[in-house]
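Going by UniProt numbering, the sequence shown opens with residue 1, and the numbers climb by one from there. Every residue gets a Cβ at the ideal spot worked out from N, C-alpha and C, and that includes glycine. What follows is a set of notes on a single structure, which appears directly below.
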Amino acid sequence: MLLSLVLSGCGSTGQLAQLAHEESLNRAEVNAPLPGVQPIRATPSVPLRRLSKTPTDTLEPEAFSTARIGLFASTRSQAHLMKLGADPTTGTRIWENYLRASELPYVRLANASDLARLVPTALLILPSAVVLSETEKAAILQWRNRGGSVLSTWLTGTQSETGADLGYGFMRDVLDVEVVGTTQDEVDDTFMMVHGDDPISHTLAAGTRVWMERVPKQLPLRLVGKQEAAQVMSWARSYDARKPSGLISYNERRMPSGKYSRTVTLGYPEQTWLRSDTKLLRALTGDIFAWLLRQPRVYLGAWPYPYQSGFLLAVQAAEQMSEGELRLAKAVREMGGRATFYVHGGNADKAVPTIKKIQALGHEVGYLGDSFEPFTGQTVPQQAQRMDAMQGLLSQAGIPMPRRASFAAPLDAYDAITQQLLKDRRFDNYIAGMDATESRLPTLVGWPDNWTTPLVALPRTMQGPEDRAEAGMEDFLGGLDVSVRMGGLSLVRIPAQPLLVSKQRKRLLDTMAALQDRAWIASASQVAQWWRNRAEVAVKLVPHPQGFLLTATVTDTVNTQEPLAIWVTLPQRNSRVRLQPVASDEPPPAVMAVDAMRSALILRAPQSGTYQWILSFEQSTEHEHF
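Here is the structure:
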């Protein structure tokens with residue numbers, strides 16, 4: 001997950017190379033222009049230049065006291081990688097290039113004795129350390145017992161010095177992760193989908209696709225961890241309930257010594273990083289390093305507090321609506337949520353009583369075209385005429401519609417002309433395809449050119465329960481759970497005349513009810529307005545003599561009842577956050593303890609302006625010092 005590198009022309013282990021980085025570690029822009037953005041593919045190779053002076057491998061005593069990173073260079077693992085036909089020094093060289101470019105002091109560790117000399121506030125990196133001796137394994141466990149953090153990649157300690165297969169016991173017992181398989185039989189599972197608003201993954205937007213090269217004999221692992229921060233999936237994010245898809249796992253564990261140790265496992269080797277997107281991987285790596293090195297970070301939550309994700313139930317009424325839709329609408333309102341019912345203009349007059357009852361419950365009605373025909377490929381006059389007809393049919397039927405309405409294209413068939421007409425006619429939002437963005441979050445179309453009230457694209461990044469009837473409800477519900485855990489927008493589309501039997505629809509509603517504490521169940525217009533409001537706020541954290549200086553910039557007054565959250569990752573488990581205003585008499589935001597790793601600062605309808613606070617942490621009595 002680091003750098004786009006080419007290791008050609010490198011000689012011995014002592015001959016390292018340094019990548020000249022030009023991009024910053026600021027939030028990566030992953031929402032591409034709409035529509036029809038191509039998925040991320042392999043980027044061109046970036047040649048490495050050699051260092052002018054070969055660094056020594058001799059470790060002086062002072063190097064251990066100043067090093068932030070200990071890079072374990074296992075000669076046994078390198079020999080194993082040679083047998084696989086891989087460059088045995090790829091892993092260590094990739095990390096050295098990254099650490100030098102990031103100006104992070106590090107030392108190479110050649111054996112267990114070296115590890116014992118490393119200070120426990122540092123981070124231990126195990127780059128594809130497939131082969132470990134029993135002494136080395138014991139030293140790594142003792143490192144964790146001292147409170148040290150560990151970042152491991154791919155297989156770790158799965159083979160003995162003689163080449164015997166030892167299984168995944170070391171990874172389970174010491175690294176807190178279960179290995180349940182690889183992507184050997186799933187040739188399309190070549191994308192890492194990162195989680196958002198996560199302690200170790202928050203710079204990239206939730207669900208961001210990161211393409212990974214498929215390297216024979218070094219395929220990604222399928223992990224089941226205490227917490228997961230990424231999945232391995234196909235471009236379309238297909239989900240198979242029979243195959244766990246965890247790709248990055250992390251955990252913080254209280255060791256027998258009483259100290260807490262953090263660990264992150266990346267389920268793929270460094271070889272797969274060589275042609276991946278540099279900017280995305282650097283951003284993710286920065287988040288991981290900050291957490292493992294216990295450096296606090298702040299970021300603006302994607303969804304209203306306290307929700308982890310967004311949920312949009314899109315009911316498409318292409319046929320006549322019935323009492324079944326009214327019962328569905330009542331059930332959603334009983335759980336405190338709202339849905340959007342997209343009405344087909346040609347059948348609107350037949351469903352007026354039901355539609356008005358649904359509106360009276362607080363649900364939204366959106367447009368579903370004038371006929372069930374695609375917009376794709378039609379001329380500007382043709383599409384404009386259809387939109388006029390669509391709006392006219394609902395007006396003639398006596399269905400009240402907002403000035404800025406929601407839209408869904410029949411058959412998901414729209415193009416750039418459709419999108420431009422929606423912008424010109426001041427539509428509020430529309431359902432977009434999964435190719436509209438590389439993430440699972442909404443996108444502001446035309447921002448900042450049309451900043452006043454930009455059109456919002458709501459990407460449908462998962463198939464509905466009726467799109468893959470042969471897979472059954474298990475795959476749909478499993479995919480929904482992954483989407484929620486990722487922190488994305490779970491846009492679930494179902495037709496008004498359901499193909500699902502009543503038992504399956506009830507199961508969907510039961511699942512929604514179970515999710516209501518984690519997912520904000522909202523209408524399309526609610527999600528769109530939230531996304532416009534959220535774009536008005538930015539946060540930044542920098543060091544300060546009294547701790548950290550937190551700055552929140554609000555470019556325009558945020559008019560919303562839903563509170564925004566500034567998430568704070570904690571340097572120590574259960575640390576207490578303290579805020580002190582810099583130059584204002586106004587009380588600071590309320591601080592909510594979310595879990596052992598994070599707190600949230602709550603902003604309620606903030607006025608435009610710049611707000612600053614001194615942020616500090618108080619150590620929990622539960623956590624012992626190093």
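CB contact flag (residue i, residue j, <9 angstroms)
{"i": "phenylalanine 341", "j": "alanine 317", "result": "yes"}
{"i": "alanine 395", "j": "aspartate 428", "result": "It is worth fixing the name first, because residue 395 is serine in this sequence and not alanine. No, the Cβ-Cβ distance between serine 395 and aspartate 428 is not below 9 angstroms."}
{"i": "valine 107", "j": "valine 264", "result": "no"}
{"i": "proline 374", "j": "alanine 409", "result": "yes"}
{"i": "arginine 440", "j": "arginine 172", "result": "no"}
{"i": "asparagine 533", "j": "threonine 560", "result": "yes"}
{"i": "phenylalanine 311", "j": "leucine 141", "result": "no"}
{"i": "methionine 597", "j": "leucine 570", "result": "yes"}
{"i": "tryptophan 235", "j": "aspartate 188", "result": "yes"}
{"i": "valine 224", "j": "valine 174", "result": "no"}
{"i": "glutamine 504", "j": "methionine 462", "result": "no"}
{"i": "isoleucine 521", "j": "alanine 302", "result": "no"}
{"i": "aspartate 87", "j": "proline 306", "result": "no"}
{"i": "tryptophan 143", "j": "leucine 118", "result": "yes"}
{"i": "serine 322", "j": "glycine 346", "result": "no"}
{"i": "aspartate 475", "j": "alanine 122", "result": "no"}
Burial state of residue i, where buried means 16 or more other Cβ atoms lie within 10 Å
{"i": "serine 584", "result": "exposed"}
{"i": "leucine 615", "result": "buried"}
{"i": "glutamine 78", "result": "buried"}
{"i": "arginine 49", "result": "Only weak support is given to the placement of arginine 49: the predicted model assigns it a pLDDT of 31, under 50, and the question is left unresolved by the model."}
{"i": "threonine 621", "result": "exposed"}
{"i": "glutamate 252", "result": "buried"}
{"i": "glutamine 38", "result": "Low local confidence applies: a pLDDT of 28 at glutamine 38 is under 50, so the model's placement there is unreliable, and no value is given."}
{"i": "glutamate 22", "result": "The predicted model places glutamate 22 with a pLDDT of 30, which falls under 50 and marks its position as unreliable, so this point remains unresolved."}
{"i": "serine 483", "result": "buried"}
{"i": "serine 113", "result": "exposed"}
{"i": "threonine 354", "result": "buried"}
{"i": "alanine 314", "result": "buried"}
{"i": "glutamate 334", "result": "exposed"}
{"i": "glutamine 184", "result": "exposed"}
{"i": "serine 24", "result": "Annotation note: pLDDT 32 at serine 24 (below 50); position unreliable, no value reported."}
{"i": "alanine 138", "result": "exposed"}
{"i": "threonine 162", "result": "exposed"}
{"i": "proline 269", "result": "buried"}
{"i": "leucine 411", "result": "exposed"}
{"i": "aspartate 287", "result": "buried"}
{"i": "glutamate 586", "result": "exposed"}
Residue i versus the options, residue with shortest Cα-Cα distance
{"i": "aspartate 424", "options": "Pro571, Pro304, Gly324, Val445", "result": "Val445"}
{"i": "threonine 285", "options": "Ala351, Pro353, Ser102", "result": "Ser102"}
{"i": "proline 216", "options": "Thr263, Pro256, Glu186", "result": "Glu186"}
{"i": "leucine 266", "options": "Met193, Pro256, Gln308", "result": "Met193"}
{"i": "leucine 603", "options": "Arg338, Asp415, Pro410, Trp567", "result": "Trp567"}
{"i": "threonine 66", "options": "Arg144, Ala565, Ala408, Pro120", "result": "Pro120"}
{"i": "glutamine 159", "options": "Gly148, Glu134, Thr183, Val180", "result": "Glu134"}
{"i": "asparagine 145", "options": "Ala164, Thr156, Leu124, Leu155", "result": "Leu124"}
{"i": "proline 581", "options": "Thr551, Gly196, Asp198", "result": "Thr551"}
{"i": "lysine 356", "options": "Leu326, Ala331, Leu221", "result": "Leu326"}
{"i": "aspartate 165", "options": "His80, Gln529, His344, Ala600", "result": "His80"}
{"i": "glutamine 218", "options": "Lys83, Gly362, Gln516", "result": "Lys83"}
{"i": "alanine 206", "options": "Glu161, Gly169, Leu280", "result": "Leu280"}
{"i": "phenylalanine 191", "options": "Glu161, Thr153, Tyr239", "result": "Tyr239"}
{"i": "threonine 182", "options": "His195, Asp197, Leu221, Leu393", "result": "Leu221"}
{"i": "residue 650", "options": "Ala538, Ala360, Ala351", "result": "Because the chain here runs from 1 to 626, residue 650 falls outside it and cannot be looked at."}
{"i": "proline 199", "options": "Leu393, Pro256, Arg262", "result": "Arg262"}
{"i": "proline 459", "options": "Gly258, Thr208, Gln320, Ser599", "result": "Thr208"}
{"i": "aspartate 435", "options": "Trp530, Arg426, Ala413, Leu115", "result": "Ala413"}
{"i": "lysine 259", "options": "Arg573, Val343, Pro606, Ala593", "result": "Arg573"}
{"i": "leucine 292", "options": "Pro256, Leu579, Gly147", "result": "Gly147"}
Residues bridged to residue i [DSSP beta-bridge criterion]
{"i": "glycine 267", "result": "Answer is none; glycine 267 lacks a bridge partner."}
{"i": "serine 561", "result": "One point to set straight first is that residue 561 is glutamine, not serine, in the sequence displayed. Glutamine 561 pairs with nothing; no bridge assigned."}
{"i": "serine 201", "result": "Asp198"}
{"i": "valine 180", "result": "DSSP lists no partner for valine 180."}
{"i": "asparagine 429", "result": "Ser406, Val456"}
{"i": "proline 543", "result": "Phe548"}
{"i": "glycine 147", "result": "For glycine 147, which the question treats as bridged, DSSP gives no partner whatsoever."}
{"i": "tyrosine 98", "result": "According to DSSP, which records beta bridges pairwise, tyrosine 98 is partnered with nothing at all."}
{"i": "valine 577", "result": "Phe617"}
{"i": "aspartate 165", "result": "Gln159"}
Report yes or no: do three or more beta-carbon pairs, one from the region 606-613 and one from the region 289-299, lie closer than 8 angstroms? no
Contact between the region 215-229 and the region 240-254 (3+ Cβ pairs under 8 angstroms): yes
The region 533-543 in contact with the region 267-275 per 3-pair CB rule at 8 angstroms: no
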